[in-house]
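**Student:**
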Amino acid sequence: YDWPLQPWKPDWAVGIYGKDGGGECGVPYSLKFKMPGNSSFSTGTHAPPTQNLYYSFDMGSVHFVYFSTETDFLPGSDQYNFLKHDLENVNRKKTPFVVVQGHRPMYTTSNEIRDAPIREQMMKHLEPLLVKNNVTLA
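Numbering (the numbering used here), first residue to last: 176 to 313.
Below is the structure:
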């Protein structure tokens, strides 16, 4: 995320946040915390593979699905196939509610130059999948 170019940034943000490093986002988190998934894909051009970028679990009457907006989610990708298979096999008697969450928003008023193309791809490829499988909240 390029804080220095944001018109709304506080003056102190540049010194603390600086500029996006080119793809290593999530690596420290992924290495420090064990996550429930089993994927291993790079999150950017300079990033080593990170673990567990998408997964799902049930809690009470809710089925939660987490996916990575930073790695390939287009039809035919491992992640898309995971999402499709997972959503098509939710036990709606056990978990009638389905919540899907990713890092970047699918619906936003922002037209930030790096977010807009990702948002458009999510709306084109993921929104139909979520609607078809009656996702409660995304």
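We put the CB at the ideal spot given by N, CA and C, even for glycine.
Between T311 and the ligand MG, is the CB less than 7 angstroms from at least one heavy atom?
**Tutor:** Looking for the ligand MG in the displayed structure turns up nothing, as the structure carries no ligands at all.
**Student:** Is DSSP giving Y241 helix, strand or coil here?
**Tutor:** strand
**Student:** With DSSP as the reference, please indicate the residues paired to S285 in a beta bridge.
**Tutor:** As DSSP reads the structure, S285 sits in no beta bridge.
**Student:** Under 8 angstroms, do F232 and F239 count as touching if we go by C-beta distance?
**Tutor:** yes
**Student:** Rounded to whole angstroms, what is the Cα-Cα separation between D253 and D247?
**Tutor:** Our two residues, D253 and D247, have alpha carbons roughly 8 angstroms apart in a direct line.
**Student:** Have a look at R279, T284, T270 and L258 and flag the residue whose alpha-carbon is nearest the alpha-carbon of V306.
**Tutor:** Of the candidates R279, T284, T270 and L258, the one whose C-alpha sits nearest the C-alpha of V306 is L258.
**Student:** From T270, S285 and R279, pick the residue whose C-alpha is nearest to that of G235; which is it?
**Tutor:** T270
**Student:** Expressed to the nearest angstrom, what Euclidean distance is found between the alpha-carbon atoms of N266 and V274?
**Tutor:** Rounded to the nearest angstrom, the two C-alpha atoms are 13 angstroms apart.
**Student:** Inspect the beta-carbon positions of E245 and H278 and report whether they are closer than 8 angstroms.
**Tutor:** yes
**Student:** Name the two residues that bound the continuous beta strand (DSSP E) containing F248.
**Tutor:** F248 -> no beta strand (DSSP E), and no H or E assigned at all.
**Student:** Please classify M298 as buried or exposed, where buried requires at least 16 neighbouring CB atoms within 10 angstroms.
**Tutor:** exposed
**Student:** Return yes when the Cβ of N308 is within less than 8 angstroms of the Cβ of L262, no when it is not.
**Tutor:** yes
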